[in-house]
Amino acid sequence: MLSLQSRSSERWLRQVEENVGEVLIDHAHCERKAAATAMGLLTAYVENEELCVEMTRIVNEELEHFHMVIGQLKQRGIPFRRLKPSPYGRLLHESVRKQEPLRAIDRLLIAGLIEARSCERFGMLRDRLADRELAAFFGGLFESEARHHSTYVRLAQAYGTAADVRYRLQQLAAEEARVIALGSDLPRMHS
Ligand SMILES: [Fe+2]
Ligand SMILES: [Fe+2]
Numbered sequence: 027m028l029s030l031q032s033r034s035s036e037r038w039l040r041q042v043e044e045n046v047g048e049v050l051i052d053h054a055h056c057e058r059k060a061a062a063t064a065m066g067l068l069t070a071y072v073e074n075e076e077l078c079v080e081m082t083r084i085v086n087e088e089l090e091h092f093h094m095v096i097g098q099l100k101q102r103g104i105p106f107r108r109l110k111p112s113p114y115g116r117l118l119h120e121s122v123r124k125q126e127p128l129r130a131i132d133r134l135l136i137a138g139l140i141e142a143r144s145c146e147r148f149g150m151l152r153d154r155l156a157d158r159e160l161a162a163f164f165g166g167l168f169e170s171e172a173r174h175h176s177t178y179v180r181l182a183q184a185y186g187t188a189a190d191v192r193y194r195l196q197q198l199a200a201e202e203a204r205v206i207a208l209g210s211d212l213p214r215m216h217s
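The opening residue of the sequence shown carries number 27 in my numbering; numbering runs sequentially from there.
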């Protein structure tokens, strides 16, 4: 369902357990960036009515998630601050082809894969995180990120045949699996 080609590692789970506060700050940034990504796609493909409607929904939901994470930080007395991002998003975007409509397909599929990875990781945190209250919070986000994943994959089909999109999704998912396996010393949602 999520198109991912790998599962998150025990290494990452340990990194989260040892740096819960910093990962939570990064998570807030991820939600903020997810809203910005949807807004960017709305701006780029404003003539696509279905895309505009869905992006508007996603922008709103991601900003809602952003506020929910900020609430979790407040509850725990962790001040929100700027954070150096993990290289994950930047490395994935290097695969975006320059020419339209291929560019649209790649941007939508990469947005979908990032949603999928977040979703898969929320599931792992829900099942395994020692802080059970926080685990439940992550678990509560699982379903909407899974839905965002399918929305992005469906929208990509406006820019290519179903077979082309499926093939490209497999290629990009392989690249996503490679990039996420690189990890990062920075404890992040996508490290
Ligand atoms: Fe979200
Ligand atoms: Fe999302």
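A virtual CB, placed ideally from N, CA and C, is assigned to each residue, including glycine.
Here ASP153 is exposed: its Cβ has fewer than 16 other Cβ atoms, across all protein chains shown, within 10 Å.
LYS110 sits in coil when the DSSP states are folded into three classes, being neither helix nor strand. Annotated as proximal: LEU30 and GLU146, with beta-carbon spacing under 7 angstroms. Judged by DSSP secondary structure, ILE136 falls within the alpha helix (DSSP H) whose first and last residues are 128 to 154.
Between SER112 and SER210, the CB-CB gap stays under 7 angstroms. Rounded to whole angstroms, the gap between the alpha carbons of THR187 and VAL95 is 38 angstroms. Ranked by Cα distance from GLU120, the first of ASN86, ASP132, ASP52 is ASP132.
Note that the segment 59 to 74 does not touch the segment 32 to 41; fewer than 3 beta-carbon pairs, one per stretch, sit closer than 8 angstroms. For GLY115 and VAL205, the gap between their C-alpha atoms comes out near 9 angstroms. Looking only at HIS93, HIS91, MET65, GLU90, the smallest Cα-Cα distance to GLU80 is reached by MET65.
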